Amino acid sequence: MHIIALLLAVIALALVSGCPGPEQPADPRSSCRRCHQPLDEAGDAGGLLESHAFTVIACVDCHGGDGTAQTKVAAHVVVPVGIEDPTQVRGMSSVELDTVPLEYVRWVNPSDYRVSGQTCGKTECHEARNQTAPSSIMTTMAGHFNKPRYYVGRQTTRDPEQGVRDQHDDSFDGAASAVEDMTTLRAPDLNADSSLADVVDKYLEDGCPRCHVWNFGPNDTVGDFRSSGCAGCHMLYANDGLSRSADPNANVDDPPHPINHRLTVAIPDSQCEHCHYRGNRIGTMYRGVREAARIAELPNIHALDESLHGRPSGFFVDDEDSTNSVDETPPDVHQQAGMGCVDCHSGVDVHGDGNLYGAHDNQVGVECIDCHGTEDAVVAPDPGGVFRTSRGEMMRNVRVGDAGVPVMVSRLDGVQHPLTQIADVDLGTPEYDATHGRDASGFSHLDSMECYACHTAWTQSCPGCHVTVDLRSNGRSLIDGTETPGRTGGTSNWVVTDYFALGMGVDGMLTPMAPQEKMFITMVVPCDPATETCTDGVDTPAPGRRIFDQVVRHTTDGRLGFGFAPVVPHTTSSTSVPCDRCHLRDDESNRNIVNETLGIGSGRFQIPDGEGTMYDLTQVVDDAGVATVGLGHQGTGVVPPDVAARVLVPRVPNSGLTLRDVGPWTAP
Amino acid sequence: MTQHAIAPLLLASTLLFAGCPQDSNNPPADACEQAALEAPSANLGTGSTLFAALDDGDDLEVHQGAQGGFHVWGTVRVAGLYAGDRDHPSDPSNPEVVFQVMTTDGTVVGDTGSLLRPLKVRSDGQVELVGEIVPLFIGSIDEVAFQQVTLAVSITDFCGTTVVDSRMVRLIPST
């Protein structure tokens, strides 16, 4: 009995006691600091960082809870029934998160969009951002859904009909490429009678929504750890997801926890890369890193010795040939200069303007000319002294520097970067005049081409993709967390850095295009060998048979469901793509190269479907120059026939450019 | 530490890699002395972000990555080793780690190769490496589904101490 009484006494003492350490004076903000920011022996506060620059905010103003309570139990928000700890919440799908009491969501992450109206987005704080960010493309993820669904004929348009959540735009004004309502993507349960469009919805629901800020993401992989809502970007996570906090009560052993309890606008590229290593791979390309798949035959690659983003050591390559002095995949010049993603992308670019868009072209507005001017004019502030983007957005970190020239002040470190003005540059060479000047007919490349159409060092492309949805195992929805038959897998057929094609962007300028989602889709269902002919896993306990076998998609308007969409590679180079990438040489020895650039087709990447029909993945137009494939973004197109005809007129010197021989396709 | 027939093979192959301690900026002078305070041991597990214990006979999920490859998650807790320096992941004094997956006939179907990996010292003193991707050399899940295999790990630290562990598991498709 004595022992039991002693135990009870110890437990009771633990429940009511505060934290050990010197006597803490009454705190005007909260008692939370007694445990999380305790005084040391000298009476100095240490531990938890102040969360917000410029202002002091009480813990409970953001997190809720009771800042006057003197015990942990009384101070913390009660953990809801069915939830073991906050870590569980940080791996939930968005629909699962909707079931968590808002008080607890706020406790775990006050900036989650479900509660941010009470916290970051309060009237006196960041209300304007909170009105637009929850409908931005980084939040809805609609851009990843509308294209594939259009390619397979599930949608007749490329409107962003579905996202990761039902959303309604109260102030919809008919903005181009935007919608008033968006519904949640929900794939039907798959079976042997499912349609190809059902299969596409299933792989979209299970495979894609890792990266949107309506939730925390699965938080299950090194390099991907992050939060949701505002903190998804503004609270930094290390690649290992471990806290470096000095808070004596912080969990520093297990992910996912932020590096420190500190919100920031100095967001390093590594934070952006927690998501942007996928899709067009701009996060990794910006720092000069490509993926290694299918280049094992390259003898001297230098790969990164780290497991990252679910890829093993050796997957990411920073030098294709370490025996020469050339970096075949250099970082973007801006990255080399010390600038980060957030130096160019802020405001509407990342928070949206309140419209429910379906592609980055519509939301992202910053252009090269906003900092570097044009051939005819240097950049200048408006009458109010503010530098603005072409769309009128303030560029808060661009100003007139000490030397009287425009500079960009990096958000990362405050370093001033003088902004080279194109109008002030004249190399005086025939090549420079031909590319940047205006000829006798008044033509200039600069009038009709994005700067990065030429000033791109390289682009990672993955032509061809074999997707298999296998109903012998379950797949987990990343939207609602449920498991249903159909495990999604995929295989890139080639990963190359020298594919280059042009198309028409939303603003009528020629732009690089990506060979996106040229998919061959297979669905496997369980098979009974006693009554059916099985094709997969015949000798295993779980044989299967193929309902769809490497099937290509088609749009409702009769095009091949092969994607072709604008891409901004973010490998900007001061040098240019060689002229003979687009124009013919005197001897026309580069005809295939030019054909690849113009979408006529080079024959370099050819794959058969399950019935043996061969597809040239570089071909996107027919003999008349009309698009034969689905174009992923509204308002974009292939190179118009009249433009293509004009491109084929000039003759240019041989730069020595050759295309890598990728070899024939082999079945995975 | 469990003992299996594969352990001596792993030990031998790892010693070939290991050699003598290399120059390093970071190991404290008493790193090996401190490490030797505990008996060297390894406890092999799995898990992408947290250590999950594995027992012989357990199922081990095979995951397919977004690029089409297949892998299992290798995780291990150790004692008696110098953990290395997590602030310098490429420091040559960090432990060398090898995970392998072998079929019952000894065929290696998964291998990380030799990796330099600093180990995490938890606040409770446990030392672990979590979430190492062990690539499988297969083109289809059907090649290994429901097969018995050995998942093995070998770690050699700066001091030349090697620990090994292995488990007989059944590979199953991830759900």
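Heads up: the sequence lines are chains L and D, in that order.
Start counting the first sequence at 1; every next residue gets the next number (our numbering).
Start counting the second sequence at 669; every next residue gets the next number (our numbering).
Beta carbons are placed, not taken as given, at the ideal position from N, Cα and C, and that holds for glycine.
Keep in mind that this is a model prediction, so the values were computed, not measured.
Start and end residues, alpha helix (DSSP H) containing residue 447 (chain L): 445-448
Alpha-carbon to alpha-carbon, residue 254 (chain L) and residue 36 (chain L): Each residue's CA atom was taken as its position, placing residue 36 (chain L) and residue 254 (chain L) some 18 Å apart.
Chain L residues whose Cβ lies nearer than 7 Å to that of residue 813 (chain D): 537, 540 and 542, listed in chain order.
Contacts of residue 522 (chain L) in chain D (Cβ-Cβ under 7 Å): Simply none; closest approach about 11 Å.
Looking at the unbroken beta strand (DSSP E) that takes in residue 250 (chain L), where does it start and where does it end? Looking at the DSSP string, residue 250 (chain L) is not in any beta strand (DSSP E), and its letter there is neither H nor E.
Simplified DSSP state of residue 641 (chain L), which is helix, strand or coil: helix
Cβ closer than 9 Å: which chain L residues qualify as neighbours of residue 764 (chain D)? Result: empty, since nearest Cβ-Cβ is about 11 Å, beyond 9 Å.
Quick one: residues in its chain with C-beta nearer than 6 Å to the C-beta of residue 476 (chain L), no 5 flanking neighbours on either side, listed in chain order? 483, listed in sequence order.
Cβ neighbours of residue 424 (chain L) in the same chain (closer than 6 Å, five flanking residues each side left out): none
Ignoring anything shorter than 4 residues, give me the alpha helix (DSSP H) runs that lie fully in the region 539-602 of chain L, in order along the chain. Within the region 539-602 of chain L, the complete alpha helix (DSSP H) runs of at least 4 residues fall at 591-598.
Does any CB atom of chain D fall closer than 9 Å to the CB of residue 48 (chain L)? no
My parser needs the beta strand (DSSP E) runs of 3 or more residues fully inside the region 383-433 of chain L; what are they? The qualifying runs are 398-400, 406-409 and 416-418.
May I ask you to list, following chain order, the residues of the region 717-733 of chain D that have a beta carbon less than 7 Å from some beta carbon of chain L? Against chain L - using a Cβ distance shorter than 7 Å - the residues of the region 717-733 of chain D are 717, 718, 732 and 733.
Does residue 656 (chain L) come out as helix, strand or coil in the three-state DSSP assignment? The answer is coil: DSSP assigns residue 656 (chain L) none of H, G, I, E or B.
Can you give the Cα-Cα distance for residue 689 (chain D) and residue 827 (chain D), rounded to whole angstroms? Bear in mind that a pLDDT of 44 at residue 689 (chain D), under 50, signals an unreliable position, so the number given afterwards is only what the model happens to contain. Rounded to whole angstroms, residue 689 (chain D) to residue 827 (chain D) spans 6 Å at the Cα level.
Is residue 97 (chain L) helix, strand or coil by DSSP? helix
With DSSP run on the structure shown, which of helix, strand or coil describes residue 784 (chain D)? strand
Straight-line CA distance for residue 289 (chain L) to residue 387 (chain L)? Approximately 32 Å, taken between the alpha carbons.
On a Cα-Cα basis, can you pick out the residue from L:258, L:357, L:249 and L:331 that is closest to residue 284 (chain L)? Distances from the alpha-carbon of residue 284 (chain L) to those of L:258, L:357, L:249 and L:331 put L:331 closest.
Taking just the CA atoms, how far does residue 359 (chain L) sit from residue 280 (chain L)? 13 Å
For residue 664 (chain L), collect the residues of the same chain with a Cβ closer than 8 Å to its Cβ; drop the 5 residues on either side in sequence, then sort them by chain order. Around residue 664 (chain L): 606.
What residue does the beta strand (DSSP E) around residue 145 (chain L) start on, and which one ends it? Premise fails: residue 145 (chain L) lies in the alpha helix (DSSP H), 143-151, not in any beta strand (DSSP E).
Just checking, does the region 157-169 of chain L make contact with the region 323-341 of chain L on the three C-beta pairs under 8 Å criterion? no
By the criterion of Cβ-Cβ separation under 8 Å, what are the contact partners of residue 487 (chain L) in chain D? 732, 841, 842 and 843
Where residue 803 (chain D) meets chain L, residues with beta-carbon distance less than 7 Å: Contact of residue 803 (chain D) with chain L by beta-carbon distance below 7 Å involves 312.
Let me confirm a value: residue 291 (chain L) is counted as buried when at least 16 other C-beta atoms fall within 10 Å, else exposed. Which label applies? buried
When you compare the CB positions of residue 448 (chain L) and residue 509 (chain L), do they come within less than 9 Å of one another, or not? yes
Looking at the structure shown, is residue 275 (chain L) part of a helix, part of a strand, or coil, going by DSSP? helix
Is the region 263-282 of chain L in contact with the region 228-236 of chain L, if contact means three or more CB pairs nearer than 8 Å? yes
For residue 759 (chain D) and residue 765 (chain D), I'd like the C-alpha separation in whole angstroms. Looking at the two C-alpha atoms, the distance is approximately 14 Å.
Strictly by DSSP, which residues pair up with residue 118 (chain L)? For residue 118 (chain L), which the question treats as bridged, DSSP gives no partner whatsoever.
Note down, in chain order, every chain D residue with its Cβ under 7 Å from the Cβ of residue 222 (chain L). Residues of chain D passing the Cβ test: 799.
What three-state label does DSSP hand residue 465 (chain L) in the structure shown? strand
Would you call residue 56 (chain L) buried or exposed, if buried means 16 or more other Cβ atoms sit within 10 Å of its Cβ? exposed
Scan the region 776-788 of chain D for residues whose Cβ lies nearer than 8 Å to a Cβ of chain L and list them as they occur along the chain. 780, 781, 783, 784 and 788
Chain-ordered residues of the region 748-774 of chain D with a beta carbon less than 7 Å from chain L: Flagged, chain order: 757 and 758.
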